[in-house]
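Protein chains in written order, with the numbering used here: chain A, 86 to 454; chain B, 16 to 394; chain C, 6 to 593.
By construction, the Cβ of each residue, glycine as well, lies at the ideal position given by its N, Cα and C atoms.
For clarity, every value in this text was computed on a predicted model and none was experimentally measured.
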Amino acid sequence: MFRRILALTIKEFIGMLKNKKSRMVLILPPIAQIIVFGYAATFDLRDVPVAIYNEDQGDISRDVIARFEGSRAFRIIDNLDSDDEIAPVINLQKALVVLHFHREFSKNMLSGRPGELQVILDGRNSNTALIALNYVQTIIADFNRQWAADHSMPSAPARLVVRSWFNRMLDSHWFIIPGIVALLTIVVTLEVTALSVAKEREAGTFDQLLVTPMTPFEILVGKSLPGMIIGLIEGTFIIFVTCFWFDIPLRGSLLVLYSGLFTFLLSAIGIGLMISSISLTQQQGLMGAFMFLVPSVVLSGFATPIANMPKFVQDLTLLNPMRYILVIVRSVFLQGAGFELLWTQYIPMAVIGIVSLAVAAMLFKRRLY
Amino acid sequence: MGRTSETRLSFMRLKGLIWKETKQIVRDPSSIGIAFFLPVALLLIFGYGVSLDAEHVPIGIVIEQPGPEANDFAAGFRDSDFFDPVFYESVQDAEKDLIERKIMGLVWTRSDFARTLLSGTTAPIGVIVNGVDANQARIVEGYITGVWIKWLSSYALSHGKPLSLPVNIKHRIWFNSAVRSRNFLVPGLVAVIMTLIGGMLTSMVVAREWERGTMEALLVTPVRIREIILSKVIPYFILGMGGMLLSVYISIVVFDVPFRGSYLALGFASALFMLTAIALGLIISTAAGNQFVAGQIAIVITFLPAFMLSGFVFDINSMPVPIQVITYTVSARYFVSILQTLFLAGDIWPIYLVNCLWLAIMAFIFFLIIKKKSHKRLI
Amino acid sequence: MDQAQSWQDDFCIEVSGLTKTFGSDDKIITALDNCSFKVKSGMVTGLIGPDGAGKTTFMRLCAGLLVPDEGEIKVLGMDAVRDFLKVQSNIRYMPQRFGLYEDLTVQENLDLYSDLLGIPKERRQERYEILMRMTGLAPFKQRLAGRLSGGMKQKLGLACTLIKPPRLLILDEPTVGVDPVSRRELWEIVYSQVEEEGMSVLLSTAYLDEAERCQEVILMHEGHTLGQGVPSEFSQKLDGHCFMLDPGSIPKRSLQRELANRDEVIDCIILGEKIRLVTIDTLDSSQVKQIFQLPDEVEVAHAPPRFEDAFIWLLKERLISLGRDVKLKVITHKKISDLPDEDIIVVKNLKRRFGNFYAVNGISFTVKRGEVFGLLGANGAGKTTTFRMLCGLLPASEGELYVAGENLRKARAKARERIGYMAQKFSLYVDLTVIQNLNFFSSAYGLYGKKQRERVEWALDAFDLRQEANTLSRDLPLGFKQRLALAAALMHEPDILFLDEPTSGVDPLARRQFWAHINSLADAGVTIMVTTHFMEEAEYCDRIVIMKRGKILAEGTPEELKKKYHPPGVDNPTMEDTFITLIEMKET
């Protein structure tokens with residue numbers, strides 16, 4: 086039995102790697118995706134275009150502006166001379182932020198009253214606007230602290246001492262890139278498994294396989310192994326890039342990480358083979374994989390948190406293996422979490438894997454005809 | 016011999032081809048499905064699934080020594096829609112829950128909180144956020160700061176000395192003052208989804224004709240290649256516009272996104288964009304030669320770039336320059352910009368026209384490529 | 006139309022020095038190699054040759070769909086390269102796979118082509134009626150083209166090309182996959198057009214018996230033309246070379262095998278109980294007996310030459326001039342000699358239902374060990390369904406099914422170890438090399454170690470695959486693919502071999518080689534079950550059943566059937582005559 090499974094696995098591999106095109110499909114997308122995702126997918130802003138409308142007659146506003154000039158996050162693109170210019174500069178997306186210093190800004194501050202700074206933001210992408218506002222607030226808060234100290238003003242009665250654990254600089258790459266490990270492995274695994282049976286059906290080789298004494302179980306295992314092996318190899322590749330190219334700390338143990346990857350691949354393969362045994366043609370397999378992949382990526386917490394979704398969608402995500410592996414990968418990478426923290430994430434994936442493999446095997450037997 | 020009409024378009028042939036294409040669409044549930052079911056399903060999934068607005072964030076409040084001041088401060092979290100506070104008596108318990116992802120962050124007032132406040136020195140309030148999701152952490156931090164400032168001013172007021180900050184920020188977020196992320200995500204999604212739909216609809220159709228051998232038979236008739244191209248573009252254009260209309264309707268009605276521009280402008284831009292999407296699909300289709308490869312390429316080269324590089328969620332300006340350059344070749348980028356402007360800001364003609372111009376240029380180039388790539392010959 | 010008729014020229018297609026290659030640097034395939042010939046106007050010209058002869062490439066070149074590497078093509082006096090648009094407007098072309106829109110109805114397909122050809126609305130009705138009458142499609146006007154049978158699809162495809170009768174009609178294998186009855190009707194339509202409209206027709210076919218229906222044929226092989234002329238001229242040259250041998254009690258297969266490889270012989274095949282022999286020299290019966298040292302009980306009689314004989318002759322000459330071996334190979338197989346008369350396949354009242362439709366509706370037959378058993382029928386007769394049930398690929402809805410003594414409804418896996426199966430189209434892994442395929446299938450059948458190595462070696466030698474051992478099976482010529490598929494099915498030395506249309510598309514020599522293998526297997530006691538479209542192949546079988554609409558119409562040896570069902574007035578019926586007679590008889 087093992088010999089037959091092994092023969093099938095070897096055959097699958099030769100078939101997959103022999104052909105230049107299919108080799109490309111396995112190698113190019115992961116590289117392209119990790120570069121694009123790695124660099125493009127970030128919520129951190131750089132060079133936010135800022136327009137300054139400075140009505141202030143004193144000098145303090147210039148000190149404030151200097152702080153903006155010194156920040157990597159902002160780039161001053163224009164100085165405005167009147168109220169009327171604010172709307173066009175925002176409307177035309179020339180500036181994302183307009184800083185409006187009031188006429189009495191310096192005067193008020195020198196006399197101990199608050200200097201008023203109006204911040205106008207383009208809310209067409211409200212997330213970007215919020216982040217930019219956050220940056221503005223940070224710069225102003227710094228300035229305020231300095232000012233209060235220099236002018237021996239009474240300080241606020243309480244202040245926040247903020248620390249962020251696991252990602253001190255709150256670099257969103259640290260969040261996105263480990264997630265890519267999960268994303269790419271599921272894409273590759275589905276590609277390998279979801280088409281494997283359909284491809285043979287189309288070519289007529291499946292019949293040829295079925296008339297041999299191989300049992301459906303043997304075929305199933307033989308078809309699963311390549312997905313598992315390729316998934317693990319590509320996963321390793323991406324983990325490697327994550328650690329050594331993007332310099333993201335791997336704080337937990339590889340054992341915990343790989344157990345997670347293994348369970349995750351099991352569930353992905355189960356689902357892939359399920360799709361494959363339903364589809365009669367490769368095209369159906371492809372559509373099926375796509376139909377599964379898109380929601381499972383969107384609803385996994387890969388880019389946006391599950392907690393923000395409506396309740397019923399949150400419940401739906403419990404069926405999504407990606408949700409669990411993302412937690413595992415990120416916790417292991419950034420938090421150094423071990424099994425005692427993560428065991429609740431392994432179980433659902435294992436259940437999904439076993440159930441879907443069983444269903445695949447059943448469909449498989451039924452669709453023999 | 017008949018007239019030399021080799022280069023002239025024939026209305027009868029074109030009508031016959033369009034009629035044929037239309038019937039095929041009607042009889043093939045998959046194209047109707049792709050045009051109508053898929054955008055609705057995707058829009059709903061994304062619309063509900065993709066939200067950056069944190070609400071009811073579980074947050075730990077550690078009050079080591081309850082007292083009126085600390086309780087007042089904590090009340091700020093209880094009253095906020097952003098937070099679902101969980102109370103702890105010791106910071107160790109809270110930290111444990113933070114590690115176990117039960118809470119996103121914790122706010123910690125020490126036992127000497129009240130005493131320090133009264134003494135006139137600054138009382139530290141400890142804040143720890145879980146930085147794994149950096150974006151979310153930053154948003155939570157911002158919310159906590161908001162609660163803190165609110166508390167500060169009311170505390171100052173109740174002690175008779177109004178809070179005075181050296182620089183006081185007043186912010187206004189235009190176009191989306193409630194900062195609903197759905198308002199910008201949903202229009203962006205419409206662009207992403209329609210890129211995919213347009214590409215998928217057409218990428219398969221030419222490939223299908225080659226695969227089934229019908230193209231070969233078609234070519235050896237008096238038909239002109241332009242007639243074949245037009246007969247593919249027109250029905251799928253109408254179908255795609257139908258899907259677009261449906262998506263816009265869902266955006267406005269289901270997701271309550273305001274629409275501040277004019278429908279005419281929306282229609283025109285959508286039409287231009289649809290042309291680029293369909294043209295891209297046709298290019299893929301002509302290049303791929305079979306439906307399977309065409310479908311695969313369509314997903315890879317339409318969907319992913321539209322999702323990642325159109326600026327619909329990730330800010331283009333913040334990307335490294337080489338990647339920014341690539342975004343110029345993604346037609347969804349222009350359409351995202353148009354849609355976000357039309358929906359949230361209104362008809363801002365300079366932006367609208369520049370982006371339309373880009374779309375028109377892209378459509379033109381795509382059709383040139385199609386013209387060059389397709390001939391009445393097999394190779 | 007008047008113009009079309011008045012247009013007079015001797016040749017509708019003229020090509021000279023035509024060469025066309027495909028492929029990239031690493032693998033160049035020459036589809037046509039310096040071909041020069043002329044196709045006469047106003048008649049049916051057949052392009053005859055096996056797969057890979059270059060027929061389709063030639064037709065596409067004529068239709069202006071391809072550009073030649075070298076040479077000239079003139080179609081209806083126009084340059085098919087420069088004026089391809091004009092050519093495409095003036096000829097009609099039916100590609101191999103109908104070129105119909107399967108999701109449009111019959112009527113809609115006709116309408117589309119009327120639009121494309123610019124037929125005025127008021128003239129259409131009249132033309133449609135003529136075409137419908139001709140094709141017998143009138144009752145199916147509203148049916149989707151995809152729901153038509155293979156034969157009807159071809160007729161509709163033909164009708165679409167005839168909406169506006171062209172001066173030149175090019176048909177690429179119009180009769181492939183079509184049962185003999187529909188095939189005959191297609192030919193009638195084609196000839197009526199040639200006579201009524203003065204049309205020129207160029208059609209290609211791999212069926213050699215169809216060549217005799219053409220007024221002129223061009224024989225092709227691997228991009229070369231082997232000859233051109235009237236079919237009967239080709240066969241007349243072999244008058245006096247053809248003989249029918251009645252072997253009496255001598256085993257026909259071993260006799261055939263012995264004769265086939267003699268240098269004096271062009272061709273030797275089994276026809277029912279008899280053996281047909283074609284010699285290189287003109288001989289008489291007694292000379293035949295003498296030269297081949299035939300025992301007295303063998304009766305030798307002259308037989309009329311057929312077109313196929315001439316084709317084989319030309320083909321062999323060409324292959325020999327290319328230095329290739331044309332001798333038939335024999336393979337060895339372990340002798341299964343115990344209980345020769347055992348019924349190895351027993352089918353009782355077998356039924357298979359799909360929804361409300363019975364694809365197989367109560368058939369019964371038995372196959373004895375060592376028999377070559379044929380399953381024949383028109384498209385949709387239920388052959389393939391029956392076959393799949395016998396192989397255990399499809400469960401039966403009702404009835405009993407024993408294969409190699411195992412009840413297939415219960416012990417499917419056990420029975421599978423004793424059968425070999427070769428599917429209709431080549432269905433081994435095209436991404437794997439020959440040796441990888443053999444290794445895989447031998448492992449799948451549970452072979453390993455020394456035994457496995459032995460069997461793989463055996464397969465490479467017996468099927469002459471050693472030179473191609475490391476070639477991707479995708480790149481193999483069709484004949485090699487067939488041998489590889491057969492080898493893979495025999496890795497585990499099965500008792501029963503199932504062959505589903507094993508030789509469609511291969512050239513006649515490859516088919517003979519293939520049957521030589523089959524015959525040696527049958528001699529070793531392997532039971533062979535075969536489905537086929539080639540009526541001639543049916544004659545290689547010991548016994549056949551003919552199916553229609555899920556039922557068995559007739560069962561018996563080819564001789565018995567030919568005697569029992571032959572068309573009135575025909576003394577020496579072919580299997581095809583018998584088949585058509587039988588089908589039509591049961592129709593009424």
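Not a single C-beta of chain B is nearer than 8 angstroms to the C-beta of ARG87 (chain C).
Judged by DSSP in its simplified three-state form, SER205 (chain C) adopts strand. Nearest Cα to SER107 (chain A) within the set B:ALA360, B:PHE307 and B:ALA375: B:PHE307. Burial is judged here by how many other beta carbons sit within 10 angstroms of a residue's own beta carbon; TRP330 (chain A) has fewer than 16 and is exposed.
CA-CA distance, LYS146 (chain C) to LYS567 (chain C), rounds to 37 angstroms. Look at the beta carbons and you see the region 246 to 262 of chain B touching the region 204 to 215 of chain B: at least three pairs across the two are nearer than 8 angstroms. For ARG108 (chain A), no chain C residue has a Cβ inside 9 angstroms of its Cβ, as the nearest lies near 11 angstroms away. Cβ atoms of HIS226 (chain C) and ARG323 (chain C) come within 8 angstroms of each other, at about 6 angstroms. Identification of chain A residues near ILE33 (chain C) by a Cβ-Cβ cut-off of 9 angstroms yields none; the smallest Cβ-Cβ distance measures about 18 angstroms. Of all residues in the region 197 to 221 of chain A, those with a C-beta nearer than 8 angstroms to a C-beta of chain B are GLY197, ARG198, PRO199, GLY200, GLU201, LEU202, GLN203, VAL204, ILE205, LEU206, ASP207, GLY208, ARG209, ASN210, SER211, ASN212, THR213, ALA214, LEU215, ILE216, LEU218, ASN219 and VAL221, reading in chain order. The beta-carbon of SER119 (chain C) is placed no less than 8 angstroms from the nearest beta-carbon of chain A. Under the Cβ criterion of 8 angstroms, PRO237 (chain B) is counted among the residues facing chain C.
Excluding residues up to 5 positions away in sequence, ASN193 lie with their Cβ nearer than 7 angstroms to the Cβ of PRO199 (chain A) in the same chain. Within the region 540 to 565 of chain C, no residue places its CB atom closer than 9 angstroms to a CB of chain B. Within chain C, the residues whose beta carbon sits less than 9 angstroms from that of GLN39 (chain B) are TYR106, ASP108 and LEU109, listed in sequence order. Contact of MET447 (chain A) with chain C by beta-carbon distance below 7 angstroms is absent, the smallest such distance being about 15 angstroms.
Not a single C-beta of chain C is nearer than 8 angstroms to the C-beta of LYS105 (chain A). In summary, GLU269 (chain C) is exposed, with fewer than 16 beta-carbon neighbours lying within 10 Å of its beta-carbon over all protein chains present. Contact fails between the region 291 to 306 of chain C and the region 354 to 374 of chain C, because fewer than three Cβ pairs, one in each stretch, are under 8 angstroms apart. Residue pairing by DSSP places ILE188 (chain B) opposite A:LEU206 in a beta bridge. In the displayed model, ALA559 (chain C) falls within a strand according to three-state DSSP. Under a criterion of Cβ atoms nearer than 7 angstroms, no residue of chain A is adjacent to VAL263 (chain B); the nearest Cβ is some 17 angstroms distant.
Close to chain A, meaning a Cβ-Cβ distance shorter than 7 angstroms, is no residue of the region 213 to 229 of chain B at all. Rounded to whole angstroms, the Cβ separation of VAL44 (chain C) and THR50 (chain C) is 5 angstroms, and the two are in contact under 8 angstroms. Here LYS160 (chain C) is actually not in contact with LEU122 (chain C); their C-beta atoms are around 18 angstroms apart, not less than 8 angstroms.
Put simply, the backbone Cα of ILE588 (chain C) is about 51 angstroms away from that of ILE354 (chain A). For the pair LEU215 (chain A) and ILE154 (chain B), the CB atoms are nearer than the 8 angstroms cut-off. Scanning the region 212 to 297 of chain B from its first residue to its last, the whole alpha helix (DSSP H) runs of 4-plus residues come out as 229 to 234 and 240 to 268. Using a Cβ-Cβ cut-off of 7 angstroms, VAL383 (chain A) is close to ILE60, PHE61, GLY64 and VAL65 of chain B, given in chain order. In terms of Cβ geometry, GLY22 (chain C) and GLY76 (chain C) form a close pair [threshold 8 angstroms].
Under the 10 Å beta carbon count, PRO365 (chain B) is surrounded by fewer than 16 other beta carbons and is classified as exposed.
Checking the DSSP bridge columns, you'll see ILE143 (chain B) partnered with A:ARG248 and B:LEU121. In chain order, LEU130, VAL133, LEU181, VAL182 and LEU206 place their CB closer than 7 angstroms to the CB of ALA217 (chain A), counting only its own chain and leaving out the 5 sequence neighbours on each side. PHE159 (chain A) and PHE153 (chain A) have their C-alpha atoms spaced approximately 6 angstroms apart.
Contact between TYR426 (chain C) and ALA494 (chain C) holds, since their C-beta atoms are separated by about 6 angstroms, short of 8 angstroms.
The alpha-carbon separation between ASN86 (chain B) and VAL106 (chain B) amounts to approximately 16 angstroms.
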